[in-house]
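Line by line, the protein sequences give chains G, L and Z.
The C-terminal residue of the first sequence carries number 404 in my numbering, and the numbering is unbroken.
The C-terminal residue of the second sequence carries number 587 in my numbering, and the numbering is unbroken.
The C-terminal residue of the third sequence carries number 380 in my numbering, and the numbering is unbroken.
Note that the Cβ used here is the ideal one computed from N, Cα and C, for glycine as well.
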Amino acid sequence: MTALAGESDITSRRRVPAARRIARQIRYQAPAIVVAVAVLVIWELGVTALNMQQFILPRPSAIAAALVTESPTLQVAAGNTLFEALGGLAIGVSAGVLTAFAVSRWARVREAILPIAIGASAIPIIAAAPIFSNWFGILNPFSKMAVVILLVYFPMLINVARGLTQVEPSAVELMQASAASEGQVLRKVRIPNALPYFFTALKVCTTLSLIGAVVAEYFGGSSDVLGRVIVQSSSRLRFDITWAAITVAALSGILMYLVVLMVERVVIPWHASQRVAES
Amino acid sequence: MTSSGDVARRSRASAAVSPARAILRGAALALLFVVLLIGVWEGAKALGGDPWRFRDASGAETIYRPPFKWDIASDLALPHVWKIWEALAAPVQRQQTQSLAEFLVGAAVHTGQEAALGFLFGGVFGLALAAVFVHSKLAERAFMPYIVASQTIPILALAPLIAFAFGNGLVGIVIVASYLTFFPVAIAQLRGLTSPDPRALELMRSCAASRWTIFWKVRMPASLPYLFAALKIAATASIVGAIVGEGNPGGSQFGLGRSILNFNEQYGSAPEKLWAAILASALLGLAFFLAIRIAELVVLRGRPGAGAG
Amino acid sequence: MAGRAPGPGDEAMSGTPENMADRDIKEVGGATTSVVTVSGVNKVFDTSGGRTNALEGIDLTINTGEFVSLIGPSGCGKSTLLRLIGDLTAPTSGTVTVNGKPARQARLDRDYGIVFQAPVLFDWRSVQANVALPLEVKGMSRRERDERVRAMLELVELRDFARHYPYQLSGGMQQRVSIARALALQPSILLMDEPFGALDEMTRERMNSEVQRIWQQTGTTVVFVTHSIPEAVFLSSRVVVMSPRPGRIVRVIDVDLPRPRTDDTRETARYFELITEVRETLRGRRAGERADGVASAERTMAEGAVG
């Protein structure tokens with residue numbers, strides 16, 4: 126006998142057949158889908174009908190056309206910008222995580238550093254973009270990476286430090302009752318506890334990395350990056366290309382975000398956020 | 279000798295710190311940080327920068343030559359701290375009477391106003407949106423995915439475009455700043471409004487409280503901590519939006535965004551000006567942050583977790 | 074309050090005795106060793122609001138194999154006392170000796186297991202991984218760990234849920250997992266801090282039977298903090314009644330109900346008598362005192378004098 130008599134209230138999730146799950150998802154997303162279609166239609170018709178400032182806001186069809194014709198340029202540009210974004214992301218995230226580990230060990234250090242980190246994240250980092258261009262050379266991708274590193278470093282540090290230290294006191298007492306060493310507490314409790322925090326920060330950081338790279342490029346850089354394509358095409362009044370480039374940037378951002386979601390699903394399947402919410 | 283259980287208990291007990299003490303501590307930390315920063319800055323220059331030249335009253339020159347040579351510590355890349363200070367007092371352009379400091383203050387105020395307006399509109403819009411979503415599941419399901427997706431769109435990338443579309447005036451930039459504000463505020467506020475224990479809501483309904491009453495007496499107070507966390511992020515975002523929006527060619531000559539671009543072009547001859555402009559931007563960001571922090575300490579006074587940053 | 078002095082005829086016996094009074098169980102297995110000795114302990118907390126006298130002048134001896142409950146009003150320091158025994162906090166003065174060693178050494182030697190009111194299971198570990206945690210900390214080999222975990226889950230009757238995750242279990246089941254974990258290292262002492270406080274009455278009674286069965290099967294000494302008088306009486310060899318802050322031991326009541334105690338025990342007259350005795354002690358009256366004696370006794374209690 127494995128359950129006490131009468132104790133039948135086990136909350137195990139039953140496997141819902143795939144087809145029903147998909148149907149349920151579609152029904153749930155229906156309002157959003159309706160809005161999307163409606164917006165696109167209104168946009169397309171509205172711009173034509175009102176003869177709006179078509180040069181600022183082209184019709185969706187014009188943008189789609191530009192996406193096709195400029196595709197080689199856009200692909201190269203997207204590749205370069207993604208390189209800057211991902212490079213800065215990797216370095217900034219690693220640095221932030223390492224600092225968080227160092228800082229979480231000693232409470233005094235943490236109390237001193239965290240407010241500084243929070244204050245630093247209040248500074249418009251983007252203002253430093255020209256400095257980095259001057260330091261590393263305007264054509265050097267590292268000058269944009271440096272902006273991304275700074276943007277990404279602080280949120281990652283703050284979140285991972287929180288995750289490592291905001292552990293339920295009972296959990297720590299439990300480990301003490303088993304005479305666990307600090308290292309064991311770190312490995313078995315703090316790090317798993319910090320993983321959800323890490324992913325929350327990572328989602329923010331991927332978005333920041335792309336935006337940081339593109340906007341840093343506004344301040345100058347080689348021509349085959351998305352930021353320069355945007356600036357140059359808009360100064361030529363070719364706004365269809367501008368919007369095409371922006372669409373590419375947006376799609377890249379969404380793609381990066383989805384990758385993080387998938388990794389999250391694999392690494393922390395046990396977390397409450399990963400369980401399918403019943404609508 | 280205490281064990282960690284005692285420490286945990288004690289830190290929980292002493293978590294409530296008075297606002298005055300929090301401010302003093304913050305100021306002390308900031309001062310410490312500035313001193314350290316200057317120390318590292320000039321330290322790097324002392325080790326690997328360009329030769330330091332001192333001229334005393336009699337006109338004789340003392341030269342100190344650092345042992346190494348690092349490009350990044352040269353006078354061009356990393357001007358001496360006192361040079362930046364001097365530049366602040368000097369005229370912003372030759373033949374101008376206004377000092378750089380005055381100019382930058384004016385620029386900061388200009389940018390700050392744009393950001394503040396955007397922050398205000400975006401904040402109000404975000405709050406309204408959250409209030410609607412909390413009462414209408416349908417609205418939430420219809421629009422939430424886009425609001426979330428819109429954050430992955432580099433709106434900041436659109437800033438110059440939007441500013442241009444609206445005639446390079448105040449309007450365009452305020453729109454950008456509002457956009458960057460409304461999302462974090464809407465998301466956080468929604469989470470905050472839905473945070474109260476369902477039993478608390480049942481309690482209110484059991485004494486026939488209207489939805490309006492429940493909203494103001496239960497949901498709003500519960501949402502405040504979440505709101506303030508988002509406001510701090512939004513404050514910086516609106517400043518960034520304003521700065522980038524101003525960077526649009528043909529934009530106004532005032533404002534920090536424009537100054538940064540102009541001084542960037544003059545970097546070769548006067549690197550201190552760009553650094554001064556960056557310093558002004560940093561101070562503006564901090565000022566906004568502090569304003570919200572102080573508001574938070576006052577509004578959330580006495581609540582557990584207030585002052586958690 | 075001291076325990077019973079070692080009596081003559083301490084024969085070692087093997088196996089778990091059934092249908093014996095606790096008095097007899099204590100004398101089994103060799104000398105009646107006192108496994109926990111709390112001597113002259115005071116505990117004062119320094120908070121931003123001032124000093125709090127949590128415990129005052131605690132003297133308590135717990136013997137091998139006993140089941141001792143600590144009961145008292147909120148704030149009487151019973152949880153603090155439990156933590157002192159477990160070296161999760163240190164006394165301001167006085168000593169705590171566990172298994173003949175200072176409490177700190179006993180903790181470092183992993184002499185006890187602890188169960189909190191909340192199950193405190195790690196979300197990221199399955200049930201079996203949660204139970205294995207103390208074994209990993211100790212550094213046991215994989216094979217030994219697996220064997221021990223299996224045995225523990227058998228003990229709490231959750232063998233079929235080994236691979237489940239905490240969120241999939243009910244509150245009672247999660248608490249059983251935390252009991253399995255506490256016993257994983259086969260400690261000589263089990264500390265339990267209101268472990269069933271969050272459960273409903275029926276589940277609670279079932280869990281009480283479970284704990285009693287486990288206690289008899291393993292022979293572990295148990296120190297059990299609770300709010301519930303029936304629970305304390307049903308489970309314990311002795312009930313330690315404590316006063317409101319500053320916490321003092323008012324009285325230790327021997328529970329002479331025969332073992333094993335079953336649902337039928339809950340309906341005996343002696344059971345109710347004992348419950349009343351504990352209740353009256355908590356209220357500040359000695360057993361048998363009439364209601365007219367209430368006012369002065371309660372005042373005495375409030376002033377902190379031992380009743």
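For the stretch 265-312 of chain G, the continuous alpha helix (DSSP H) assignments of 4+ residues that do not extend past its boundaries occur at 266-290, 294-302 and 307-310, in sequence order. By the criterion of a C-beta distance shorter than 6 Å, LYS151/Z is surrounded in its chain by LEU143, GLY145, VAL298 and MET315, once the five residues flanking it on both sides are discounted. Shown here for VAL454/L: same chain residues with a beta carbon closer than 6 Å to its own, the five before and five after excluded, namely ALA437, ILE440, GLY519 and GLY523 in chain order. Proximity of chain Z to LEU299/G at the Cβ level (cut-off 7 Å) is accounted for by ILE187 and VAL193, in chain order.
Listed along the chain, the chain G residues whose CB falls inside 7 Å of the CB of PHE311/L are ILE241. Membership of ASN259/G in any beta strand (DSSP E) is not indicated; the residue belongs instead to the alpha helix (DSSP H) covering 254-261. Selection SER537/L, VAL313/L, ALA335/L and PRO329/L evaluated against PHE346/L yields PRO329/L as nearest (Cα-Cα). With fewer than 16 other Cβ atoms from the protein chains shown falling within 10 Å of its own Cβ, LEU386/G counts as exposed.
If only uninterrupted alpha helix (DSSP H) runs of at least 4 residues are considered, those enclosed by the stretch 492-525 of chain L are 498-524. Chain L places a beta carbon closer than 8 Å to that of ILE336/G, counting this residue as a contact.
Following the DSSP letters along the chain, one finds LYS116/Z inside the beta strand (DSSP E) bounded by residues 107-120. Using a Cβ-Cβ cut-off of 8 Å, ARG180/Z is close to GLN301, ALA302 and ALA304 of chain G, given in chain order. Annotation for ASP273/Z: no alpha helix (DSSP H) segment contains it, and DSSP assigns it neither H nor E.
Under DSSP, MET265/Z takes part in a beta bridge, and its partners are VAL188/Z and PHE297/Z. At a cut-off of 8 Å between beta-carbon atoms, GLY320/Z makes no contact with chain G. The continuous beta strand (DSSP E) containing ALA127/Z extends over residues 123-136.
Counting only the Cα atoms, GLY167/Z lies some 33 Å from ILE287/Z. Interface annotation for the stretch 236-247 of chain Z against chain G: HIS237, TYR238, TYR240, GLN241, LEU242, SER243, GLY245 and MET246, criterion Cβ-Cβ distance under 8 Å. Using a CB distance cut-off of 8 Å, ALA355/L counts as an interface residue toward chain G. Annotation: the continuous beta strand (DSSP E) that includes THR168/Z extends over 166-171. At a C-beta separation below 9 Å, LEU133/Z has no neighbours in chain G, since its nearest C-beta there lies roughly 20 Å away. Only GLY159 and LEU161 from the stretch 154-170 of chain Z bring a Cβ to less than 7 Å from some Cβ of chain G. Close CB contacts of ARG216/Z within its chain, under the 6 Å cut and outside five residues either way in sequence, are absent. Linking LEU382/L to VAL329/G through their CA atoms gives a straight-line distance of about 32 Å. Straight across, the Cα-Cα distance linking GLY337/G with ALA232/G is about 32 Å. Secondary structure at GLU139/Z: coil, using DSSP grouped into helix, strand and coil. Per DSSP, the unbroken beta strand (DSSP E) holding VAL323/Z starts and ends at 322-327. Under the three-state reduction of DSSP output, PHE403/L falls in the helix class.
Rounded to whole angstroms, the Cβ separation of ILE350/L and LEU356/L is 7 Å, and the two are in contact under 8 Å.
VAL314/G counts as buried, since no fewer than 16 other beta carbons sit within 10 angstroms of its beta carbon. Per the Cβ contact rule, the stretch 484-503 of chain L is in contact with the stretch 455-471 of chain L (3 or more Cβ pairs under 8 Å). Each of ARG303/L, ALA338/L, GLU320/L and TRP348/L was checked against the Cα of TRP360/L, and the nearest Cα belongs to GLU320/L. Put simply, the backbone Cα of PHE411/L is about 45 Å away from that of LEU315/L. By the Cβ criterion, the stretch 272-281 of chain G is not in contact with the stretch 364-381 of chain L, since fewer than three pairs of Cβ atoms, one from each stretch, lie closer than 8 Å. Think of a sphere of 9 Å around the beta carbon of PHE344/G: the chain L residues whose beta carbon falls inside it are GLY525, ILE538, LEU539 and ASN542, in chain order.
Secondary structure at MET315/Z: strand, using DSSP grouped into helix, strand and coil.
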